[in-house]
Structure formats: C-alpha cells, structure tokens
Amino acid sequence: MTLLFALTVWVTLSAGLYLALSRDLLRCVFGLAMLGGGANLLLLASGRLLSPQPAVVAAGEQALAAASNPLPQALVLTAIVIGFGLLCFSLVLLLRLIPAAGTDDVQALRQAEPPSPDPVKPALPQPGCEPPWPPELPR
Amino acid sequence: MTVLAATPVVVPLATTVLTTLACRRPRLQAAISSAGIGGLLLCALALVALATSDTPADVAFGNWAAPFGIQFRVDRTGAALVLITALMGCASLLFLASDADAGTPHPFRLPLLHGLLAGVGGAFATADLFNLYVWFEVMLICTLGLFAIGARIDQLDATFKYLVLNLVGTLLLLVAVGAVYGATGHLNYGALAQSARQLAPGLSVVLLAGLLLAFAIKAGAFPLYAWLPASYHTLPAPLLALFAGLLTKVGVYAVLRTLGDVFAPAPALLYEALGWVAAATMLFGVLGAAYHWDMRRILAFHIVSQIGYILLAIALGGAAGNAAALFYTVHHIIVKANLFLVAAMIWRLTGSYDLRRIGGLYAARPALMLLFLVPALSLVGVPPLSGFWSKLLVLQEALAQQRVVWTVVALAVSVLTLYSMMKIWMEAFWKPHPDARWRLPADTRLAPAWAASLALAGLTLAIGLNPQPLLDYARAAAATLGVAP
Chain C
1 MTLLFALTVW
11 VTLSAGLYLA
21 LSRDLLRCVF
31 GLAMLGGGAN
41 LLLLASGRLL
51 SPQPAVVAAG
61 EQALAAASNP
71 LPQALVLTAI
81 VIGFGLLCFS
91 LVLLLRLIPA
101 AGTDDVQALR
111 QAEPPSPDPV
121 KPALPQPGCE
131 PPWPPELPR
Chain P
1001 MTVLAATPVV
1011 VPLATTVLTT
1021 LACRRPRLQA
1031 AISSAGIGGL
1041 LLCALALVAL
1051 ATSDTPADVA
1061 FGNWAAPFGI
1071 QFRVDRTGAA
1081 LVLITALMGC
1091 ASLLFLASDA
1101 DAGTPHPFRL
1111 PLLHGLLAGV
1121 GGAFATADLF
1131 NLYVWFEVML
1141 ICTLGLFAIG
1151 ARIDQLDATF
1161 KYLVLNLVGT
1171 LLLLVAVGAV
1181 YGATGHLNYG
1191 ALAQSARQLA
1201 PGLSVVLLAG
1211 LLLAFAIKAG
1221 AFPLYAWLPA
1231 SYHTLPAPLL
1241 ALFAGLLTKV
1251 GVYAVLRTLG
1261 DVFAPAPALL
1271 YEALGWVAAA
1281 TMLFGVLGAA
1291 YHWDMRRILA
1301 FHIVSQIGYI
1311 LLAIALGGAA
1321 GNAAALFYTV
1331 HHIIVKANLF
1341 LVAAMIWRLT
1351 GSYDLRRIGG
1361 LYAARPALML
1371 LFLVPALSLV
1381 GVPPLSGFWS
1391 KLLVLQEALA
1401 QQRVVWTVVA
1411 LAVSVLTLYS
1421 MMKIWMEAFW
1431 KPHPDARWRL
1441 PADTRLAPAW
1451 AASLALAGLT
1461 LAIGLNPQPL
1471 LDYARAAAAT
1481 LGVAP
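Those protein sequence lines, which keep their order, are chains C and P. Numbers 1 to 139, taken from the working numbering, label the letters of the first sequence in order. Numbers 1001 to 1485, taken from the working numbering, label the letters of the second sequence in order.
Structure below.
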C-alpha cells in the first residue's frame, strides 16, 4: 500500500511538473495546482496512512499506538485551503493577463523585461510599461 | 506580558481588517493605517525591551503548552527584525503621500500592505516550522495583490512570473516541512532542536537541504533568484522599497533560524555549500547590476548581491557569523529601501528611471546628491557608514576561518558595487540632462519623500558613526542562538 501511495505521489508530481514547464499559461497554472496536490499527499503521508483506529490516545498510554496522526491531516487541510486560494488568484490573473498581452505563450510575455535590439545594452523603457510622468493627479 | 509576542501579527492584521472596512473612505483609511503602523512600532519597541532584559515575549496559543501548541517567541533576533519591519512600514507609508512614483491609489492598497506586514511579522515571531510556512503564504498572496493592483501590462506579466517561481518555493517548503515532521515528529523550534540531534547525519543533510533550498528561493540566492529582477522594477517606489527591504530578508532570516539556531550545529557540508552559494550570489547579482541602466533594475540586482554577504555570514556560522548576519541584515534593509526611495525622487525630478535619459541633478539638486551618497556609499561599504562595519564583521570572520576565496570574492564584489553606484551618480547627477529643454518640474510634492528618505539616511549615519550599540545587541542576540531553551 505504501508503494502504491508513493507511486500516486510520483505520478501526480511528475504530471504537475510536466504541465508547469509548459509554455501555455493555463497549463502552467494547472501544473502548479497539481504539484500542490502532490505536495499535500506527501505531507499527508508523514502521519500514518490507512489506519482504521480512531486518533485517540488510550487511557494509560503516552502516545498514539497504531492510529494515524491527525496533525498532518490538519496541516494538509491548511495547505489545501491556501493552495485553493492561490489557484483562484492565478486563474483570475490569467483572465486579465491573456487578453491584455494578446498571447498565452510564456515566451511571448516580455513586457516586464523587453528584449533588447542592442547586443550590449538593455532595452529602453517601453511606452505603456512605465509609470506616467509627470504624475497625473494632484490628490 | 506574554500577549506582546502576538502583536507583530495581531496589530497589522487588525489594521488590515479595519482599513478594508474603511475602503470607501480614503481619509479614514489613511488615518487607521497610520495608527496601525504607529501601534506596531510601539509594540516592536516593547518587544525589543523585553528581549534585551532576557525575558523574551513568549506565548503558546490555545492553552497547549510549547511543543504541542503553536508558539510565538520573540528573542533578540526576532525583536530587532520586527522593529526594523515597523520602521520600514512607517517610511513606506510616509512616502506614499508624496508624488514620487507613489502609484495610483487603490482602495485595497493599504489593507494589502498591512497584510504583508502581518506576514513578515509572523515569520519573525513564530517558533513553529509549519506556522512559518503559513506566514510565507500570507506574504506571497499580499505581495501578489500589490503587484497586480496597478494592472499595467508589465505589472501583470511580473505578477505571473513572481507567482510561478515563488509558488514552487512554497511548495518545496511545504514538502520539506512535512519531511522534517515525518522524521522528527515535531514542528516547534525548541522541540526540533532537541530531536534533530538524534537524526542520522545523512537524513539530517537531506531534510535540511530541502528546507534550505526552499528558503534560498525565498531569499533570492544563486541560482534561484530569477523571480526578483524579473518583477521588482514594475512596482511603485514605496512598495518597491518595502519589498526590497523586507521580503528576501525573511528568507535569509529563515536560513539563519535553520542553520544558526534550531538545527545548529548542522552537518558541515551544508555550511560549506551555503558559503559557495553565497559567493556565487554576490558575484552574479552584481554582474547583473553592472549590465543594467534602469535604476530600479540595477538596485534590484544589488539586493541579490547583498543577500550573498548575509548568507556568507550565516555560512561562516558560530556566534561571530550569526552576529554579523544580524548586523548586516539590519543595515541592509535600511540602506536598500532608501536607495529605491531616492531613485523615485530622481524619477520625479528628471522624468525617467533609465540613466540614459536623465541627468543634470548635481547642479539642480545638490542636496539630493548628498542624500543619495549616504545609502549608496553605505551599500558599497565606505567608512564610516554602516555598510563598512557590516562588511568588516563578515570579512573578519571569513579571514579568521581562512576562507580566502570567499573573502576575495566579497572584496571584488564591493568594487563592482562601487562601479555601479558611481554609474548612477555620474549619469543621474554629474552629466547634463540629455534633453536640453529639461527644467526642474515646479509643482512637485516631495516633502514626505524627503522626510522618509532623510530619516533612513539618518539611521544609516547613526549606525555608521556609533556602531557599538547595534553590535553589542547583535552579539547578545547571537549568543542566544543555537542554544536550545
């Protein structure tokens, strides 16, 4: 069973990594989400897996004997919530980014670091990618 | 006064909630925000006072005693960094009132900024590994919000790259924390320090390497710093100064906690590896800076380069190395934030961040030139400014341990840093403005910017002219690191 679980983690992580390395923005985000899932599975495995016993320390005992440790489960829950929030944020970000950039290819996203025509000097600031000067509004 | 230990999180979080509720009334929101940062500053001072009297603020939540409940413990190291966080928050909020690239106002800018401060404060205050991961995530989501809030195309692009590379870092951190818990059964720093000694050396190397890899991404160490120069320069200046001052330093602090405190003494291989990574970080950071002509991008690469010095101090280890790391971090946060603020004032007066398009400020604003020289020469390490003492501490320890290569790299990087600062000085101040019709703009609102920048320059001078108090503090802080309570 441990082997099967390890195989599951491996498949999830490698599928996630494959997608995250993609040039397609949406695939990249889904890949990161899958990587997060793989990380959560790993974290879950640091408690015990598949024990049918309730996580209660028996009277007179000092530690959980054979039951799964509930703490990693609580940690995974936290991590799932955080990961879900970040996934939602990144999807909304893509909804703004892809129409604004007119592309969903990572290699065409050069607005923050424009490629330079000069072999030794960096590009000059691009119009529309700089704060407006002089500042518009007297607040 | 145990409850004080939670204030680095509680005060900014409360400010976040209140400023969110007041998001439709900008004046009220600004007032709440100022009150919040003032409160944080007072709490930070109280924390430093408690830490220096050897009764660090300590609280375990939910009536669960230390190894089981989540513990907050603000020792000297944490207290100094919380104080500097509050000071940076003050400077950044003050600068927001100027018109020097302060960004367009947005109702959620102040809540996100205070949320970021809560994340940073939590990371410095917590004594629990998983909790540290959570504060990294809080910082991540708040920084993402602040990146995206301007909604300019380059900012969205930068947000995406920042998101992807940092998310990989937090996922690695999550996996590493899970592995540490699986091997030791603990997350509390004190309990981890006890149980880590029983780990097999091989296992210990693997676990710590995982943790350090994640922290190295967060700290912007070579070769994992690509997210930093790809994104930082798209931010408005006050936020950029805050990010530059605080974010990477949380990663560095986490490395210090790991290698210098909780798991100290870690296997020697890790210190050795970290030393080489630090040397590469210094060198490649400064080379990146030498290439660029945009002031923000030059300075962003210098963040990376300076991180190398702090990592080198941690790699040297021991009480002297840890003290140097803390001293360097405090100096660096102040200087780095100030350089970005001065760059924004240059932008307001000349019209661009690109050095090829500006000039003429030596004649027009000699006072600004002097103000620039204080943090710039301090970054280089010219005596008697704070950077000199920081570098002296690191290099003394490197030579004491006969690390000649690392010392030579550090000195060479200082020369390149001087080159880069002189490039800004020559281009922005000394040469005439390339546009002959250029005149100083008349209707600027730079008073808050001057106030913030002068205050930070004053701190740099104060540390430089009288380094002994901070040095004593850093040494006392280092003496309590690596000693399990």
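Each residue gets a CB set at the ideal place from its N, CA and C atoms; glycine is no exception.
Once DSSP output is grouped into helix, strand and coil, what is the label at P:Phe1301?
helix
So what does DSSP say about P:Phe1340, is it helix, strand or coil?
helix
For P:Ala1060, which beta-bridge partners are listed by DSSP?
P:Gln1071
Any contact between the stretch 1186-1202 of chain P and the stretch 1029-1039 of chain P? By contact I mean 3 or more CB pairs, one from each, below 8 Å.
no
Determine, using beta carbons only, whether P:Tyr979 and P:Ser1390 come nearer to each other than 8 Å.
A query on residue 979 of chain P cannot be resolved here, the shown segment of chain P reaching from 1001 to 1485 and no further.
Short CB-CB distance (under 8 Å) between C:Gly128 and chain P
yes
What residues match up with P:Thr1248 in a beta bridge as DSSP calls it?
Note: P:Thr1248 sits in no beta bridge, so no partner.
Could you confirm whether any beta carbon from chain C is found closer than 8 Å to the beta carbon of P:Val1009?
no
For a test of the three-state rule: what should DSSP assign to P:Thr1444, helix, strand or coil?
coil
Evaluate P:Arg1076 with the Cβ neighbour count: other Cβ atoms within 10 Å of its Cβ, from every protein chain shown; 16 or more gives buried, anything less gives exposed.
buried
Within the 8 Å Cβ cut-off, does C:Pro125 reach chain P?
yes
Alpha carbon of P:Gly1182 to alpha carbon of P:Arg1445, nearest angstrom:
56 Å
Which residues in chain P sit within 9 Å of C:Pro72, going by Cβ to Cβ distance?
Gly1178, Tyr1181 and Gly1182
Short of 8 Å in beta carbon distance, which residues of its chain neighbour P:Ala1176, apart from the five on each side in sequence? Order them along the chain.
Leu1207, Gly1210, Leu1211, Leu1213 and Ala1214
Determine the chain C residues that contact P:Thr1126 at a beta-carbon separation under 9 Å, and present them in chain order.
Those do not exist, as P:Thr1126 stays about 14 Å from chain C at its closest Cβ, beyond 9 Å.
On the criterion of 16 or more Cβ atoms from any shown chain inside 10 Å, does P:Met1421 qualify as buried, or is it exposed?
buried
At least one CB of chain P closer than 8 Å to the CB of C:Leu95: is that the case?
no
Give a yes or no on contact between the stretch 1399-1408 of chain P and the stretch 79-98 of chain C, applying the rule of three or more CB pairs nearer than 8 Å.
no
Taking only beta-carbon atoms, is C:Glu113 less than 8 Å away from chain P?
yes
Note down the Cα distance separating P:Ala1086 from P:Leu1311, rounded to an integer number of angstroms.
23 Å
Would you verify that the beta carbon of P:Pro1236 is, or is not, closer than 8 Å to some beta carbon of chain C?
yes
Indicate whether P:Leu1377 and P:Ala1343 have their beta-carbon atoms separated by less than 8 Å.
no
If we define contact as Cβ-Cβ less than 8 Å, is P:Phe1160 a contact residue for chain C?
yes
Backbone CA spacing between P:Leu1269 and P:Leu1411 [nearest angstrom]
24 Å
Runs of 4 residues minimum, wholly inside the stretch 1401-1476 of chain P: which ones carry the alpha helix (DSSP H) assignment?
1404-1424 and 1447-1465
With 16 as the cutoff for other CB atoms within 10 Å, does P:Lys1218 come out buried or exposed?
buried
Assuming P:Leu1313 contacts P:Glu1397 under a Cβ cut-off of 8 Å, what Cβ separation, rounded to an integer in Å, is found between them?
According to the sequence displayed, residue 1313 of chain P carries Ala and not Leu. Correct: roughly 7 Å between the Cβ atoms.
Tell me which same chain residues have a C-beta within less than 6 Å of the C-beta of P:Ala1239, skipping the five on either side of it?
Sequence check: residue 1239 of chain P is Leu here, not Ala. If we look at P:Leu1239 and ignore the five residues flanking it on each side, its Cβ neighbours are Leu1146.
Are the CB atoms of P:Ala1078 and P:Ala1125 nearer to each other than 8 Å?
It is worth fixing the name first, because residue 1078 of chain P is Gly in this sequence and not Ala. The answer is yes: Cβ separation under 8 Å.
In angstroms with no decimal places, state the Cα-to-Cα distance between P:Leu1203 and P:Ala1091.
44 Å
Let me know the secondary structure DSSP gives P:Asn1188 once reduced to three states.
strand
Looking at C-alpha atoms only, which residue of P:Ala1442, P:Leu1339 and P:Asp1157 is the closest neighbour of P:Ala1230?
P:Asp1157
Applying the criterion that 16 or more other CB atoms from any shown protein chain within 10 Å of the CB defines a buried residue, is C:Arg139 buried or exposed?
With a pLDDT of only 48 at C:Arg139, under the threshold of 50, the placement of this residue in the model should not be trusted; the figure read from the coordinates follows. So C:Arg139 counts as exposed.
Are there three or more Cβ pairs, one per stretch, closer than 8 Å when the stretch 1098-1112 of chain P is compared with the stretch 1122-1140 of chain P?
no
Between P:Thr1480, P:Arg1357, P:Gly1150 and P:Leu1371, which has its C-alpha nearest P:Glu1427's C-alpha?
P:Arg1357
Let me know the alpha helix (DSSP H) ranges lying completely inside the stretch 1327-1398 of chain P, each 4 residues or longer, listed in chain order.
1361-1364 and 1366-1380
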